[in-house]
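Okay, structure first, notes after.
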Amino acid sequence: MSAPAESFWAGLPLGRGVTLLAHDANGLAALAKPAGVLSHPNAGGDEPWSLLTVRYTLDGEFYEWTPAKGAAPVRLWLLNRLDSATSGVVLAAADEKLAAEIRAQFKRKQVRKVYQALVFGAPRQAAEHWSDRLAVVKKGGLVRATPGVGRVPAETRMSVVRTGRREPRVSLLRLEPQTGRSHQLRVQCAKRGLPIVGDQTYGNFPRNREFAKLAKTKRMFLHSLETGFEYEFQGRRHTFAAAAPAPAEFTACL
Numbered sequence: 024m025s026a027p028a029e030s031f032w033a034g035l036p037l038g039r040g041v042t043l044l045a046h047d048a049n050g051l052a053a054l055a056k057p058a059g060v061l062s063h064p065n066a067g068g069d070e071p072w073s074l075l076t077v078r079y080t081l082d083g084e085f086y087e088w089t090p091a092k093g094a095a096p097v098r099l100w101l102l103n104r105l106d107s108a109t110s111g112v113v114l115a116a117a118d119e120k121l122a123a124e125i126r127a128q129f130k131r132k133q134v135r136k137v138y139q140a141l142v143f144g145a146p147r148q149a150a151e152h153w154s155d156r157l158a159v160v161k162k163g164g165l166v167r168a169t170p171g172v173g174r175v176p177a178e179t180r181m182s183v184v185r186t187g188r189r190e191p192r193v194s195l196l197r198l199e200p201q202t203g204r205s206h207q208l209r210v211q212c213a214k215r216g217l218p219i220v221g222d223q224t225y226g227n228f229p230r231n232r233e234f235a236k237l238a239k240t241k242r243m244f245l246h247s248l249e250t251g252f253e254y255e256f257q258g259r260r261h262t263f264a265a266a267a268p269a270p271a272e273f274t275a276c277l
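The opening position of the sequence shown corresponds to residue 24 in this note's numbering, with each subsequent residue numbered one higher.
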């Protein structure tokens, strides 16, 4: 398959607030997803609130649509997911073989990911390596992770970007997961008494309500900031990187 033309990228049926960050000559792309937008539809009728506003095939993990009347259908393969409440970088590919290669990179832990999180409180150290064992349960479309009782390793590098001086005291953290477990960052922050602001599953619910009144937003303050890696495709090595700056509300209350 040849690389898609610029018209393909210009015509993406992007969801509300979704933007195209970058794409390369092989058909690899990065999109910026706002909080509240689904990485893909979970049920019929979810398309208007998804990354792309078109049909998604769960088995093949791709979006599909017809760009113009009489034209052949086109596809975009989803390479990673973010929770609806999490904003930031999502990867996609316009070629099935390329999608398989990048997914393999994720499995081999060769993709560098950087997140930012606004948390209640402040870490004792400016930088730490977090190592935990999680129990991850998926049931009825819901995911729940519990630290200290499972066998699934979760590794994250944490560094403090800035700690606020006002009340409620919050800190902006830089988080670099070395493993890719469901809800990993949310659970690891909560375990250390640093719940992510706005987390409705593992967070501090009374403080979330107070902060929402102050900041005038109920979002969860977790953002996929950067993604980068090298990959091999069609006999050549390539480098890809994309960044989505964190929304202004991440620093407004520091």
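Note that the Cβ used here is the ideal one computed from N, Cα and C, for glycine as well.
For residue i: DSSP bridge partner residues
i, result
"residue 161", "166"
"residue 219", "142"
"residue 110", "246"
"residue 155", "177"
"residue 253", "262"
Under 9 Å between C-beta atoms of residue i and residue j
i, j, result
"residue 155", "residue 214", "yes"
"residue 197", "residue 181", "yes"
"residue 111", "residue 247", "yes"
"residue 232", "residue 218", "no"
"residue 103", "residue 85", "no"
"residue 226", "residue 135", "no"
"residue 168", "residue 159", "yes"
"residue 28", "residue 113", "no"
"residue 185", "residue 277", "yes"
"residue 244", "residue 199", "no"
"residue 170", "residue 139", "no"
"residue 97", "residue 249", "no"
"residue 256", "residue 124", "yes"
Start-to-end residues for the beta strand (DSSP E) that takes in residue i
i, result
"residue 102", "Unbroken run through residue 102: none, as it is neither H nor E."
"residue 184", "175 to 186"
"residue 145", "Taken as a continuous stretch (DSSP letters only), residue 145 belongs to no beta strand (DSSP E), as it is neither H nor E."
"residue 244", "Taken as a continuous stretch (DSSP letters only), residue 244 belongs to no beta strand (DSSP E), as it is neither H nor E."
"residue 199", "193 to 200"
"residue 260", "259 to 266"
Alpha helix (DSSP H) segment containing residue i, residue limits
i, result
"residue 229", "228 to 238"
"residue 272", "272 to 275"
"residue 133", "Note, residue 133: premise wrong, no alpha helix (DSSP H); not H, not E."
"residue 213", "207 to 214"
Cβ distance (whole Å) where residue i is taken to contact residue j below 8 Å
i, j, result
"residue 35", "residue 43", "6 Å"
"residue 1", "residue 201", "Past the boundaries of the shown model lies residue 1; the chain is included only from 24 to 277, so the question cannot be answered."
"residue 141", "residue 220", "5 Å"
"residue 73", "residue 38", "5 Å"
Along the chain, which unbroken stretches of the alpha helix (DSSP H) at least 4 residues long are found entirely within the segment 27 to 95?
Runs of the alpha helix (DSSP H) inside the segment 27 to 95: 29 to 33.
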